[in-house]
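Working notes, beginning with the structure itself.
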Amino acid sequence: ILNQTFVRRVEGSRLIEITATARNADLAARIANGLPEVYGEMRRQEQRRDRQKKIERLEAQIKKAEASVYSANIAVAKYMRDNNMLGPEAAQAVQSRVSALEVALANTAAEGASRRLNQLLDEQKAMQSRLSELAVTYGPGYPEIVGMQQRLAALEAEIAVERSQVGETAQVRRDQVDATSAALSQEVRAMRRKHFDDLEANAGLQKLEREATAAADVMDLLLDRLTRAQNEIGGDVLPIEMVTRAIEQERPNAGDILKKLGVGLLGAWFLAILAALAAEGLDNKVRSADQVRAYLRAPTLAMVPKVNPRKLGPNTLQAYLEKNPSSDFAESIRNLYLELMSRGPAERQRIVVITSVRPGDGKSTIANGLAAIAEAFSVSAKVMEFDRRFEFGPARMKSGVELDAGARPQGSADATDREASKDNLPVQRSKVRPIDDATWSGEPAPMLPAQLSDLKDRWGLVIIEAAPILKSRDAKALAATATDVILVLEWGGVSPGALRAIRKAFGRVEIAAVINRVNMKAHARRAYGDTIDFAAKYA
C-alpha cells in the first residue's frame, strides 16, 4: 500500500495531499480515504495510552497524600491529649454550663421575694383607692367607709407581720446566694487559668494544624487533576480533518430508489391532506341550514342537489321528474312543495315570490320544479317573471312557463270551457311606480295588487320570479301581496356577510331559504348533523 500512495504537503498551507494508485478507481479511492483514518486511529490510541499513564501516576500521588493527611491529623490529636487541651465542642459545652449556672442564680434570687407580701400590698393599694372615692362621694360617716377603714387597718397589721417574716427568710437566702457565688467565682477562675495555659500550648498546636491543612490541600489538588484527566476528550477527536474525500463511484440500488419514491409519495399525500384541511378550515361559505338560520334568521325549506343543467331546462325538467321520481332532486322539490304548503295559514291559493342572491343561482329551476310538482298534486300553477321595465300606462308583465294542473286532455269539453273562461276573465288595469330608495319608508308597498289578485283567483299557485335581492328590492315590495317569499342561494357560494346584508334588506319581512346545487357527498362528508348527513350514513 505504501508503494501505491504518494503524500505531499501543499506549499504555503497546512494541507496534505494524498494520491493513491490501484487497479481500479474504487480501490484507489478507498486507499486514499482510508490512510488518514488509519493515521487518526493510531493517534487516538497513543493519546489514550498517555492519558491512562497520567491517571495512574495521579492515583499513586493521591494515595501518598492521603497517608500524609492521616499522619498529620493523628499528631494534632496526640498533642491536644498530652497537653489536656479542649476541643471547640468541649469549650462550648463548658461555656454553656457557666451560663446555665448564672441563670439558676438569678432565678433563685428572684424567688427570694415573698409572693404573699406582694399580693397584700396590691390589695392595700386597691382598698385605699376605693376608700378615697367613697369619702369624696358620701363623706366620712358613711357606713361602708367605716367598714372599709376597719378592713384596711387589719390588712396593714397583716402586712407588718409578713414583712417581719420576709426579713428573716431573706437573711437565710442571702447567705445561700453568697455561698453559691463564691463557689461559682472559684470555678470561673479555674477555667480562666486553664484557658491561659491552653493559649500557651496552642502555638505548637497551630503548627501541627497548618501541616495537616497543607497536606489536605495537596490531596485536593491531586484529586482535581485526576478528575480533569479522566474527563479529557482530546484523545477521542481526530487530530486531522478531512477537507475533501476521494470520490467513490456510487452503485445505484433499486431498493433505495423505491424507498425514496415511497417516502416522497407519502410526504406529498400528507401535504395534500394538510392543504385540503387548511382550505376547508379557511372556507367560511354557507353550506348548512344551521348557518342560514344563524346569519339570515330564516328556515331552510329544502336542500336541492346538484344535477346536470341540461336535464333541468324549461322543456326537459318535467320529463326528468317523471322519469326519475325517486331521485334526490325530485324528492327535494317534492319536500319543498310540501313544506311550502304547510307554512302559514291553510290557503288554497298561494302567491310565492322567489328571489336569489346572485343571478344564475337557479331560481328558475326551483320555480319550474314547484310548478311541475303542483301539477302532480292537481294544483293549477303559473310561473312568471316580474317585469322590471317600468312603463307608464297599462301594467305589463312577462309571462313565463304556464302550467294548468287541472287541465284535461285536448278535446275534453271541461278543459275547453276552463281555458275559455280563463281567457275571457277581465284583467284590471294598474299603474306601476318605481321604488325610490331615497324616500323608502321601510314598509313593503303593494305592487300590481289588481293583477296579483286576478292571478290568485285564476290559479292555485302563482310563482313570481324577482330579480336578485342584492340588486333590487322587487321581492321585498311584492312580499306585501305574496303569501311566501323564498330566497334561493347556491351551496358554498354565499358568504355570511351577504346573508346578513339580505336580512337587513328585507327588514321584518318573513322569508324562507332554499339551498340549491348541493354536493351531496361533500355535504355528508362535512358531517353537519342534518338529514343529508344521517341519510348518507344509514344508506
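Numbering (the working numbering), first residue to last: 461 to 999. Quick reminder that beta carbons are idealized off the backbone N, C-alpha and C, glycines included.
Straight-line Cα distance separating residue j from residue i
i: D883; j: I833; result: Residue placement at D883 cannot be trusted, given a pLDDT of 37 that sits under 50; what the coordinates show is reported in the next sentence. So the two alpha carbons sit approximately 24 Å from each other.
i: M608; j: V621; result: 20 Å
i: L591; j: G601; result: 12 Å
i: H983; j: I793; result: 18 Å
i: F789; j: L781; result: 8 Å
i: A643; j: K667; result: 37 Å
i: D486; j: E471; result: 28 Å
i: F994; j: L721; result: 40 Å
i: I814; j: G724; result: 52 Å
i: K745; j: K916; result: 37 Å
i: L772; j: A987; result: 28 Å
i: M844; j: D914; result: 14 Å
i: M502; j: K538; result: 55 Å
i: D990; j: K981; result: 13 Å
i: S786; j: I717; result: 53 Å
i: R474; j: G500; result: 16 Å
i: R576; j: A650; result: 41 Å
i: Y598; j: Q636; result: 53 Å
i: S824; j: R770; result: 14 Å
i: V626; j: A586; result: 22 Å
i: P838; j: F846; result: According to the sequence shown, residue 838 is Ser rather than Pro. C-alpha separation (whole angstroms): 25 Å.
i: E497; j: K513; result: 25 Å
i: Q646; j: M540; result: 25 Å
i: R469; j: V703; result: 14 Å
i: E835; j: P805; result: 21 Å
i: P765; j: K719; result: 44 Å
i: E701; j: L518; result: 32 Å
i: Y998; j: N784; result: 22 Å
i: A841; j: R918; result: 9 Å
i: L912; j: E791; result: 30 Å
i: R747; j: Y755; result: 12 Å
i: I707; j: D743; result: 53 Å
Within 8 Å, strictly: CB atoms of residue i and residue j
i: N976; j: G727; result: no
i: W951; j: V978; result: yes
i: N533; j: A672; result: yes
i: A935; j: A926; result: yes
i: A525; j: A675; result: yes
i: R803; j: D944; result: yes
i: M763; j: I923; result: no
i: E799; j: L737; result: no
i: L830; j: L777; result: no
i: I811; j: V948; result: no
i: I522; j: L683; result: yes
Same chain, Cβ closer than 6 Å to residue i, neighbours up to 5 away in sequence not counted
i: I478; result: V467, A492, L495
i: P759; result: A972
i: Q610; result: none
i: A996; result: A984
Residues near residue i in its chain [Cβ-Cβ closer than 7 Å; skip 5 each side]
i: R808; result: G920
i: E669; result: V536
i: P928; result: T815, S816, V817, R818, P819
i: S624; result: none
i: R705; result: N493
i: A482; result: Q464, A488, I491
i: A595; result: I605
i: V969; result: P904, K936, A939, V945
i: A480; result: Q464, T465, A488, I491, A492
Sequence-distant residues of the same chain with beta carbon closer than 8 Å to residue i, five excluded per side
i: L930; result: V817, R818, A958, A961, I962, A965
i: W584; result: First, the amino acid is wrong: residue 584 is Gln here, not Trp. Only L612, L615, E616, I619 meet the Cβ criterion.
i: Q588; result: L612
i: E692; result: R511
i: I515; result: L686, A689, Q690
i: L734; result: none
Inset, instruction - Could you say if the stretch 952-959 and the stretch 749-756 meet the contact criterion of at least three C-beta pairs nearer than 8 Å? - result: yes
Inset, instruction - Report yes or no: do three or more beta-carbon pairs, one from the stretch 518-531 and one from the stretch 675-690, lie closer than 8 Å? - result: yes
Inset, instruction - Count the C-beta pairs between the stretch 573-588 and the stretch 611-630 that are closer than 8 Å, then say yes if the count reaches three, no if not. - result: yes
Legend entry - Any beta strand (DSSP E) of 3 or more consecutive residues that is wholly inside the stretch 486-515: none
Inset, instruction - Enumerate, from N- to C-terminal direction, the unbroken beta strand (DSSP E) stretches of 3 or more residues contained entirely within the stretch 923-956. - result: 944-950
Inset, instruction - Scan the stretch 789-840 and note each continuous alpha helix (DSSP H) run of 4 residues or more that stays entirely inside, going in chain order. - result: 823-836
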